[in-house]
Structure formats: C-alpha cells, structure tokens
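In the working numbering, each residue carries its 1-based index in the sequence shown increased by 1. We put the CB at the ideal spot given by N, CA and C, even for glycine. All figures in this text were calculated on a predicted structure; none of them were measured in a lab. Structure, as structure tokens:
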Amino acid sequence: PPTDYFTYLANNISVGDYISSAYDYSSGLRFQNVNIVKDTIIQAAYLSLIAFGGIDGVIPVTIIKGEAADDAATFSTAADYDARIKTNANVNWTPAAWVDSTWYDSPSLVSIIQEIINRAGWVANNAIALFWEHASLGWGGTACRIHARDYHGGGTMAAELHLQINYVPQVVITIMEPF
C-alpha cells in the first residue's frame, strides 16, 4: 500500500487519485486570525483556489471539511494531519472545469464555518483549518487529480476564505492562507 507523503513547503496542494501506488491525495489549508466572534451568523462562506497545472486524468469528486477545533494549529506532520478531528458538516465539490491559472470558487461552506465558530472555545482571531479531500477512498482505477496554488506558490495566488457575516453594516472578510 502507498505511504503518506507530507510537506508544508510545496507551492501547490493536490486532491484526487493519481496511480495505484500513490492515491488519495488530500490537502489542508489553515487560515489565521479569523476575526469573527463566537456564534456570529455566517451569511456566506466559500473557498477560492487558483488552478495549478492541468488535470491528471479526470476532475475528481472532492469534499471539503473543517477541523473540529477551537483554534486550528499549524500542520506539522502526516500523522498530525491524519489525526485531526473533522467537522460533522462537509460540502461536496466537483469543479466543472480546471484550467491552469484560473480562480475557482467552492460551493457554500456556511455549514462548516458555522459549526466551527459555534464551538464553546471559539474566540475572534482564532485559526480555521479546512481539508480538501478526494471523496472516494482507495484507488478507483482511474487517474483523477487536480492541483491548486497555495501560500508557498506566491502570496497573490494563496487560497482565500471568503466570509460574509451579519454585522450592521454588513461586512465581507477575505482571509488569505498564510499557513
């Protein structure tokens, strides 16, 4: 069976299957200083990623989850990544296209973000971690992997978490992934 490979210094993140000896690519994104107070009503939330390179095979069916944590720690090892407890809320995402250097927005992540900021220990300026995973576990027999830029690929190409909250006046917050 394949072994975990973990790096936090790559210039891209990947999700999907590639070959039978190296499958189930997934990625973690950590957003620091999320300045939203506990129990604030999230009106809109989505992830923006910029495609990196082409498609390996076909576009995979992916799923986005959050970390069920009050203040997500920096990812440190594959074991640390794998041991993180995920939110009950999750969102399926299968992009219709994946063209290099094009921005793509996920479906609504309101349920995931709301679950995190409603946690008993959440306070403003904590960090949120999201996981972008292949929806099917194990080698499915078909290459299906896509890549996106992350913070290490250049600050202007970093993943962005967009949040719209119910303050008066209404506020829209965009948080870039500083890892």
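On the three-state DSSP scale, how would you describe residue i?
| i | result |
| --- | --- |
| S28 | strand |
| T63 | strand |
| V16 | strand |
| A128 | strand |
| I166 | strand |
| I117 | helix |
| V35 | strand |
| T4 | Caution applies to T4, whose pLDDT of 49 falls short of 50 and renders its modelled position unreliable; the model cannot decide the point. |
Taking the DSSP output, what are the residues bridged to residue i?
| i | result |
| --- | --- |
| K87 | E68 |
| W104 | I51 |
| A149 | I14, A52 |
| D57 | R146 |
So, using beta-carbon positions, are residue i and residue j closer together than 9 Å?
| i | j | result |
| --- | --- | --- |
| K1 | V124 | An answer regarding residue 1 cannot be provided, because it is not within the stretch 2 to 180 covered by the chain. |
| L162 | V35 | yes |
| A91 | I64 | The sequence shown places Asn at residue 91, rather than the Ala named in the question. Yes, Cβ-Cβ distance for N91 and I64 is below 9 Å. |
| A69 | R31 | no |
| P147 | W99 | Sequence inspection shows Ile at residue 147; the Pro mentioned does not correspond to that position. Closer than 9 Å, so yes. |
| W104 | S28 | no |
| S102 | W94 | no |
Checklist entry - When the Cβ atoms of the stretch 124 to 140 are set against those of the stretch 55 to 75, are three or more pairs found closer than 8 Å? => result As far as the Cβ criterion goes, the stretch 124 to 140 touches the stretch 55 to 75, which means the pair count is three or higher.
Next on the checklist: For the pair the stretch 13 to 30 and the stretch 39 to 58, tell me if three or more CB-CB distances fall below 8 Å.
Outcome noted: The stretch 13 to 30 is in contact with the stretch 39 to 58.
Next on the checklist: Under 8 Å: do the stretch 137 to 144 and the stretch 33 to 52 share three or more Cβ pairs, one atom per stretch?
Outcome noted: Short answer: they don't touch.
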